[in-house]
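Undergrad: Here it is: the structure, laid out below.
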Amino acid sequence: MRPQHRGAYEHLWSEQKYAALAISSKRFQIGSRRLGAKPPKILSFLDQLSKFVSTEQSEFSNAWLTAYSQVKDRIPRDERRPIIEALLAGAPSANDRLYEQILEHHEAGLYGCRLFFPRCGSYKFWDFHDLPGLWQLMGPYLLHTGFGAIRTRLEKIGGCVGTGLDERLEILRRGISLSEFETWPETLCKALKKHVMVAIPGERVWLHPRVELPLPAPVCEPEEAEGAAIAALETFWDENPEDIPLLPEDDDWLERLTNERLPGIDWIMPEHPLEVIKTIRQAFREQSEAEGRSIETEVIAESSETNFDYHDDGSGDPAESDFSNV
84 MRPQHRGAYE
94 HLWSEQKYAA
104 LAISSKRFQI
114 GSRRLGAKPP
124 KILSFLDQLS
134 KFVSTEQSEF
144 SNAWLTAYSQ
154 VKDRIPRDER
164 RPIIEALLAG
174 APSANDRLYE
184 QILEHHEAGL
194 YGCRLFFPRC
204 GSYKFWDFHD
214 LPGLWQLMGP
224 YLLHTGFGAI
234 RTRLEKIGGC
244 VGTGLDERLE
254 ILRRGISLSE
264 FETWPETLCK
274 ALKKHVMVAI
284 PGERVWLHPR
294 VELPLPAPVC
304 EPEEAEGAAI
314 AALETFWDEN
324 PEDIPLLPED
334 DDWLERLTNE
344 RLPGIDWIMP
354 EHPLEVIKTI
364 RQAFREQSEA
374 EGRSIETEVI
384 AESSETNFDY
394 HDDGSGDPAE
404 SDFSNV
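Its first residue numbered 84, the sequence shown is counted upward by one per residue in our numbering.
The structure is reproduced here in structure tokens:
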């Protein structure tokens with residue numbers, strides 16, 4: 084676990100900006116302004132990303148063409164026309180062909196383009212600076228998960244272990260049909276999607292290029308109790324993406340704070356776990372106040388504070404009012 088880093092959020096935005104543009108240019112502008120603010124409005128930014136999951140992509144073609152423009156000069160002219168014709172016809176193969184070109188020509192800036200991934204894990208991305216692995220941007224915290232711990236997660240959550248997992252990941256590296264992928268164990272497919280490990284542009288599925296194969300032996304990474312509590316928050320956000328960046332109630336949080344539900348982490352339950360949760364709540368509160376937001380409502384549980392909603396204090400951009408829950 085690490086404190087939040089503006090550069091990490093900018094990296095996440097570089098992948099999510101196409102999904103924003105697919106909704107509208109206004110959504111794109113809002114996302115850019117939130118990270119450009121001083122201090123950056125990272126909670127509001129995460130809230131905006133969570134809305135992308137359920138918002139219609141009415142400008143998808145515009146975003147698609149923006150991504151296409153970055154790689155088109157490397158695509159032979161006789162191969163461009165079929166791709167564009169497939170897009171105009173609304174064929175899923177247009178997305179598959181474009182992403183295949185991205186992989187073939189090593190257009191690294193588009194590896195994680197969210198136009199081509201399932202609409203989940205909006206706060207996660209692969210690799211940052213010189214530290215590969217999965218990064219989870221959790222408001223005032225960053226959580227990093229290495230490849231050994233990722234393997235542990237896939238084996239425990241996905242139910243596929245050893246050479247069986249290695250073989251499936253190698254198959255995904257080459258690309259398979261969506262229909263074949265859907266015959267795999269549902270738990271494994273969900274785990275791969277949740278960890279942003281598979282691009283599914285249209286009718287084919289590819290492993291994220293930044294996932295290094297073969298995965299190393301499964302490990303449990305050492306973490307303090309606070310980091311384990313943040314990992315428990317990750318499970319809440321994955322199951323309730325519409326609630327990002329709100330926090331769960333204490334009882335729900337504590338139910339998730341167990342070794343069984345947090346594979347890949349080596350930690351010890353503190354004597355007073357609610358004190359750890361209280362510390363995280365305070366960090367989120369301070370972040371919200373730094374962003375110029377005030378508490379609108381605050382639900383008090385018997386044990387301690389629970390999640391809270393926010394509203395703008397009047398100083399923000401009025402164009403942001405559609406995402407004023409946090």
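Backbone N, C-alpha and C fix where the C-beta goes; we use that ideal spot for every residue, glycine too.
Which runs of the alpha helix (DSSP H) spanning at least 4 residues fall entirely within the stretch 170 to 208, listed in chain order?
TA: Complete alpha helix (DSSP H) runs here, min 4: 176 to 187.
Undergrad: Could you please give me the residues that DSSP links to Thr38 through a beta bridge?
TA: Here the chain comprises residues numbered 84 to 409, so residue 38 is not present and cannot be evaluated.
Undergrad: If we count the other Cβ atoms within 10 Å of its Cβ and call it buried at 16 or more, is Ile185 buried or exposed?
TA: Buried, by the Cβ-count rule.
Undergrad: Under 8 angstroms Cβ to Cβ from Ala384, same chain only, skipping five residues before and after it: list those, please.
TA: The predicted position of Ala384 is uncertain, since its pLDDT is 29 and thus under 50; no value can be drawn from it.
Undergrad: Would you report the Cα separation of Asn145 and Thr362, rounded to the nearest angstrom?
TA: When rounded, the distance between both Cα atoms is 43 angstroms.
Undergrad: In the DSSP assignment, find the beta strand (DSSP E) that holds Phe287 and state where it starts and stops.
TA: Residue identity differs from the one stated: residue 287 is Arg in this sequence, not Phe. Taken as a continuous stretch (DSSP letters only), the beta strand (DSSP E) holding Arg287 covers Arg287 to Leu290.
Undergrad: Is the separation between the beta-carbon of Arg293 and that of Trp218 shorter than 8 angstroms?
TA: No. Outside cutoff.
Undergrad: Between Arg202, Asp179, Ala314 and Leu193, which has its C-alpha nearest Phe135's C-alpha?
TA: Taking only the C-alpha atoms, the option nearest Phe135 is Arg202.
Undergrad: Which residues in the same chain as Gln153 place their Cβ atom closer than 8 angstroms to its Cβ, once the five residues preceding and following it in sequence are excluded?
TA: These residues qualify, in order along the chain: Glu190, Gly192 and Leu193.
Undergrad: Do the stretch 307 to 323 and the stretch 115 to 128 meet, that is, are 3 or more Cβ pairs less than 8 angstroms apart?
TA: The answer is no - the stretch 115 to 128 does not touch the stretch 307 to 323, with fewer than three Cβ pairs under 8 angstroms.
Undergrad: If we call anything under 8 angstroms between Cβ atoms a contact, is Met84 one with Gly310?
TA: Against a cut-off of 8 angstroms, the Cβ pair of Gly310 and Met84 comes out as a contact.
Undergrad: I need the DSSP call for Thr270, collapsed to helix, strand or coil.
TA: Helix.
Undergrad: Which one or two residues does DSSP pair with Thr228 in a beta bridge?
TA: In the DSSP output, where bridge partners are listed per residue, Thr228 has Leu217.
Undergrad: With H, G and I counted as helix, E and B as strand and the rest as coil, what does DSSP make of Pro86?
TA: If DSSP states are grouped into helix, strand and coil, Pro86 belongs with the strands.
Undergrad: Less than 8 angstroms between C-beta atoms, sequence neighbours within five positions excluded: which residues of the same chain meet that for Pro86?
TA: Once the five neighbours on either side are set aside, the close Cβ partners of Pro86 are Pro223, Tyr224 and Leu225.
Undergrad: Taking only three categories from DSSP, how would you classify Pro356?
TA: Helix at Pro356.
Undergrad: Counting Cβ pairs, one atom from each stretch, are 3 or more of them under 8 angstroms apart for the stretch 265 to 280 and the stretch 230 to 244?
TA: Yes: the two stretches touch, three or more of their Cβ pairs being nearer than 8 angstroms.
Undergrad: For Val302, list the residues DSSP reports as bridge partners.
TA: Val302 is not bridged to any residue.
Undergrad: With DSSP run on the structure shown, which of helix, strand or coil describes Ile327?
TA: In this structure, Ile327 counts as coil in the three-state DSSP scheme.
Undergrad: Within a Cβ cutoff of 8 angstroms, which residues of the same chain sit near Lys239, ignoring the five residues on either side of it in sequence?
TA: Pro346 and Gly347.
Undergrad: Taking just the CA atoms, how far does Phe319 sit from Trp336?
TA: So the alpha carbons of these two residues sit roughly 8 angstroms apart.
Undergrad: Is the distance from the Cβ of Arg236 to the Cβ of Ala274 below 8 angstroms?
TA: Yes. Within cutoff.
Undergrad: Out of Val279, Ser107, Ala300 and Glu372, which one is the CA nearest neighbour of Arg197?
TA: Taking only the C-alpha atoms, the option nearest Arg197 is Val279.
Undergrad: Taking its Cβ as the centre, do 16 or more other Cβ atoms sit within 10 Å of Asn342, making it buried, or is it exposed?
TA: Looking at its Cβ environment, which holds fewer than 16 other Cβ atoms inside 10 Å, Asn342 is exposed.
Undergrad: Pull up the DSSP beta-bridge partners for Ile113, would you.
TA: Partner(s): none; Ile113 has no beta bridge.
Undergrad: What's the call for Ser108, buried or exposed, on a 16-neighbour Cβ count within 10 Å?
TA: Under this definition Ser108 is an exposed residue.
Undergrad: Excluding the 5 residues flanking Leu261 on each side, which residues of the same chain have their C-beta closer than 7 angstroms to its C-beta?
TA: If we look at Leu261 and ignore the five residues flanking it on each side, its Cβ neighbours are Ile283, Glu286, Arg287 and Val288.
Undergrad: Given a cut-off of 8 angstroms, decide if His291 and Gly375 are closer than it, judged by their beta-carbon atoms.
TA: Going by C-beta atoms, Gly375 is not nearer than 8 angstroms to His291.
Undergrad: Cβ of Pro122 within 8 angstroms of Cβ of Ala366?
TA: Result no, Cβ atoms of Pro122 and Ala366 do not sit closer than 8 angstroms.
Undergrad: In whole angstroms, give me the CA-to-CA distance for Gln370 and Ile125.
TA: C-alpha separation (whole angstroms): 8 angstroms.
Undergrad: Report, in whole angstroms, the separation of the C-beta atoms of Ser205 and Ser133, which I expect to be a contact under 8 angstroms.
TA: So it is a contact: roughly 6 angstroms between Cβ atoms.
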